[in-house]
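This report refers to the structure that appears directly beneath it.
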Amino acid sequence: MGIKKNIQNIQKEIPKDVTLIAVSKTKPLEDLLEAYDFGIRDFAENKVQELVFKEENFHKDVRWHFIGLLQTNKVKHLVNKVHLIHSLSSISLLLKIEKEFQKADEIANTLIQINIGKEESKSGILEEELLDFIDIVEKCKFVKAKGLMVIIPKGNDEINKCYFNKTKKIFDELKEKKYKNISMEILSMGMSNDYKAAIDEGSTLIRIGTGIFGTRNI
Ligand SMILES: *Cc1c(COP(=O)(O)O)cnc(C)c1O
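The sequence shown finishes on residue 276 if you use our numbering, and the numbering steps up by one all the way, no holes.
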């Protein structure tokens, strides 16, 4: 199936207030162009160099999302390029983003990545570390947390729903509180294989790669 058809099928299934992000990692600009021509303006990458290259060589009205593990020494390259960093996942990264965006007098919009399955192999803040983490976000001047991002453990539909629901509960709890620099507007959850369950459980933004562009070689 073609890229346009894939997008059309997904758009038919998702509510209007859910944002569809095309995860274009490893894909060539021709593929992105096909999605762009069909109306997609939000693209996500998981490598800093690739995001920077594509940002510099593609339409300027695209919003670039960073969704990968972000090394502190690469943060500076994202300044003025990235619309939203979904993978705010450690205190050291938070402090580095604050420092690099301050230098450019820019606000960094971020999502706090939650390691909801407490998986060793995944990054993200653990639920029990969240309040300490928020303390530090509140002291920042150049970082805003606009919501949460989650990558759930592999599982069946029922288990997926459970993790999405757990994340939504945290999202709703934080929304009630009036923390400085923190507003719960975006809940980034759901990928090609589980986005329907994610939307059922309250996702506002889904990140779709394979489901739009087909399988990746790497
Ligand atoms: C690759 C990736 C996706 C997209 O995954 P698909 O299964 O191809 O839709 C979504 N989120 C993150 C964080 C990713 O790294």
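In this text, a Cβ means the ideal position worked out from N, Cα and C, and glycines have one as well.
query, result
"Through-space distance from Lys-161 to Gly-182, alpha-carbon basis", "26 Å"
"Ser-250 beta carbon near ligand 1 (any heavy atom closer than 7 Å)", "yes"
"Residue interval of the beta strand (DSSP E) (run including Thr-77)", "77-81"
"Distance cut-off 7 Å: Asn-64 Cβ against heavy atoms of ligand 1", "no"
"Identified DSSP bridge partners for Met-249", "Paired residues: none, contrary to the question."
"Residues bridged to Phe-222 [DSSP beta-bridge criterion]", "Phe-222 pairs with nothing; no bridge assigned."
"Nearest candidate by alpha-carbon position, reference Ile-210, set Glu-234, Glu-243 and Glu-178", "Glu-178"
"Neighbourhood of Glu-156 by C-beta, 6 Å cutoff - its chain only, sequence neighbours within 5 removed", "Cys-198, Phe-200 and Val-201"
"Helix, strand or coil at His-141 according to DSSP, with G and I counted as helix", "coil"
"Glu-259 versus Ile-228, Tyr-237, Asn-275 and Lys-236, residue with shortest Cα-Cα distance", "Ile-228"
"Collapsed DSSP secondary structure at Phe-116 in the structure displayed", "coil"
"Where Phe-200 sits in the DSSP three-state scheme", "coil"
"Length at least 4, wholly inside the region 146-171: the alpha helix (DSSP H) runs in chain order", "149-161"
"Neighbourhood of Asp-75 by C-beta distance below 8 Å, restricted to the same chain and skipping five residues each side", "Thr-262"
"8 Å Cβ cutoff met for Lys-105 and Thr-130", "no"
"Short Cβ contact (8 Å threshold) for Ser-82 with Phe-96", "no"
"Terminal residues of the alpha helix (DSSP H) in which Phe-96 lies", "Per DSSP, Phe-96 belongs to no alpha helix (DSSP H) and is neither H nor E."
"Ligand 1 heavy atom lying under 7 Å from the CB of Arg-121", "no"
"Short Cβ contact (8 Å threshold) for Phe-271 with Lys-70", "no"
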